[in-house]
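The sequence shown begins at 790 in our numbering and counts up one residue at a time. A virtual CB, placed ideally from N, CA and C, is assigned to each residue, including glycine. Being a predicted model, the structure only gives us computed values, none of them experimental.
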Amino acid sequence: MLTFVIILVIVVAVFFALTYNSLTKDKNRIELAEVELRKYEEAGDPKDIDNAKKYYSAVLRDYNNKVESFPTSLVANMFNFPKMHTEEFDEGL
């Protein structure tokens, strides 16, 4: 019985660690996508701006799905990963 409890604790700890790592990576991808979008907006090419907006929105959608979906939502709530919004970009897509 003690072995089962130890294995269960290890599995839960690994799940939390992997989920936290995944959410952190997604948050970093969002920040990088924002930087790229700003760079293309400064350059002024409409095609590149639209592609950057689409990529940014896709990355945000994936992140928000993880934050809202069970069981990753447990880790997101525990470590304060907020849902992010895209109002300023949605109208241009």
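On the DSSP letters alone, give me the boundaries of the alpha helix (DSSP H) that residue i sits inside.
| i | result |
| --- | --- |
| F804 | L791 to A832 |
| S858 | Segment: none, S858 is in no alpha helix (DSSP H) and carries neither H nor E. |
Distance, Cα to Cα, residue i vs residue j?
| i | j | result |
| --- | --- | --- |
| D837 | A802 | 42 Å |
| L826 | N817 | 14 Å |
| A841 | D815 | 16 Å |
| F793 | L812 | 28 Å |
| K872 | N853 | 5 Å |
| F804 | F870 | 16 Å |
| A832 | I819 | 20 Å |
| D839 | E830 | 9 Å |
| F868 | M790 | 31 Å |
| E823 | V864 | 24 Å |
| L849 | F859 | 17 Å |
| Y809 | P835 | 36 Å |
| D844 | H874 | A small correction: the amino acid at residue 844 is Tyr; Asp does not occupy that position in the sequence shown. Cα to Cα, Y844 sits roughly 14 Å from H874. |
| A806 | I799 | 10 Å |
| I795 | L821 | 39 Å |
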